[in-house]
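First up is the structure itself, then whatever we jot down about it.
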Amino acid sequence: GAGAPVAQDLAGRRVVVSAGGTREPIDPVRFIGNRSSGRQGVALAQAARERGAHVTLVAANLTVPVPPDVADEVVEVETTAELRDAVRGAAAGADVVVMAAAVADFRPASVPGAKIKKVAGSEPAPIALVENPDVLAELARHRLRDSQVVVGFAAETGDDAGSVLEHGRAKARRKGADLLAVNAVGSGIGFGTSMNDVTLLDGAGGVVAAASGTKREVADAMWDAVVKHALPSTG
Ligand code: CTP
Ligand code: CA
182 GAGAPVAQDL AGRRVVVSAG GTREPIDPVR FIGNRSSGRQ GVALAQAARE
232 RGAHVTLVAA NLTVPVPPDV ADEVVEVETT AELRDAVRGA AAGADVVVMA
282 AAVADFRPAS VPGAKIKKVA GSEPAPIALV ENPDVLAELA RHRLRDSQVV
332 VGFAAETGDD AGSVLEHGRA KARRKGADLL AVNAVGSGIG FGTSMNDVTL
382 LDGAGGVVAA ASGTKREVAD AMWDAVVKHA LPSTG
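Numbering of the sequence shown is given in full-length UniProt numbering, commencing with residue 182 and proceeding in unit increments.
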């Protein structure tokens, strides 16, 4: 846009951003999905590109328009298995991987080739689920490249077991990512809106930064934190 030139602090860096939400088929016409629009991931990709990065966007069922200049490459995926393959393929050469996509935790154990029909007078058959691989945890635990920075999100609602931040801290330690952006979801914030509010934690659960505003403003604050706290300098 107009205004001051953007600092090229990601020049020469290769960045992978996953965005949107994965869908797991139940039958040929139905799926298990989530409410992620892809807006925060698109903002992260666009911000990185404007700061000079080479950007691969792995786009899972985005419901927001994708600007034509959002990334150098866009790989469209539907399921978690497809997203995992696309992210890992691109991540092999990447300096930074950001998992902004809402990934389905479970998928139907088997998918019939024909539409499930209702049968008059009988109960519906339960749908058995199996757990999906945790793409972020895999990337964080087994780096595909030396000095690669791995960033995740934690969508949390507080509950009886803890606050949003307490759940976020536990997740930061569990995942092993360099940065985890914790955001409260539900009741009009996070999913489906243009505003966001995140607390950035390091892998030990310590607070590195906080950011709130438009998803673009949050994206820029996240790249600031990546550059300042996680990315080794090129020297
Ligand atoms: N994630 C992933 N693969 C999965 C599930 C999640 O890569 N199978 C990533 C998301 O992209 C996000 C981070 O892990 O960056 C946290 O996702 P979240 O759903 O908040 O955490 P979970 O570990 O799935 O825990 P839960 O849903 O039980 O809170
Ligand atoms: Ca999850």
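For every residue, glycine included, the Cβ atom is placed at its ideal position computed from N, Cα and C.
Going by the C-beta, is residue i closer than 8 Å to any heavy atom of ligand 4?
i    : result
K396 : In the structure on display, ligand 4 does not appear, and the ligands it does have are ligand 1 and ligand 2.
For residue i, is the beta carbon positioned less than 8 Å from some heavy atom of ligand 2?
i    : result
D286 : yes
Any heavy atom of ligand 1 within a distance shorter than 8 Å of the CB on residue i?
i           : result
K352        : yes
L243        : no
A342        : no
N313        : yes
residue 461 : There is simply no residue 461 to check, as the chain begins at 182 and stops at 416 in what is shown.
K356        : yes
F263        : Checking the sequence, you will find Glu at residue 263 rather than Phe. Checking every heavy atom of ligand 1 against the Cβ of E263, none is found closer than 8 Å.
F212        : no
L325        : no
G333        : yes
V316        : yes
A336        : yes
How would you label residue i, buried or exposed, when you count the other beta carbons within 10 angstroms and need 16 or more for buried?
i    : result
A241 : buried
H323 : exposed
G357 : buried
V300 : exposed
K298 : exposed
Q329 : buried
E231 : buried
G222 : buried
A362 : buried
D401 : buried
Q189 : exposed
A306 : exposed
R397 : buried
R326 : exposed
According to DSSP, is residue i part of a helix, a strand, or is it coil?
i    : result
L264 : helix
A318 : helix
L412 : coil
V210 : coil
A283 : strand
V256 : strand
A335 : strand
E304 : coil
H235 : strand
D378 : strand
L346 : helix
D405 : helix
R220 : helix
G384 : coil
As a quick exercise: from the options, pick the residue whose alpha carbon is nearest that of residue i.
i    : options                   : result
P413 : I308, A229, G384 and L191 : L191
P289 : G201, V223, G214 and I308 : I308
A281 : K409, G394, V345 and V379 : V379
G202 : L264, A228 and Q227       : L264
H410 : D341, H235, V332 and N313 : V332
V245 : A400, T260 and T374       : T374
A365 : A335, G394 and R350       : A335
K296 : A267, V210 and K352       : V210
N215 : L325, A385 and D286       : D286
E259 : A272, L243 and G339       : L243
R354 : N313, N377, M376 and V388 : V388
A391 : G384, A385, R397 and M403 : M403
A273 : A318, S291, V196 and V311 : V196
S199 : G184, G294 and V256       : V256
G394 : P305, A224, A185 and S218 : A224
Examine chain C for any beta-carbon lying closer than 9 Å to the beta-carbon of residue i, and answer yes or no.
i    : result
A400 : Any reference to chain C falls outside this structure, which holds one protein chain only.
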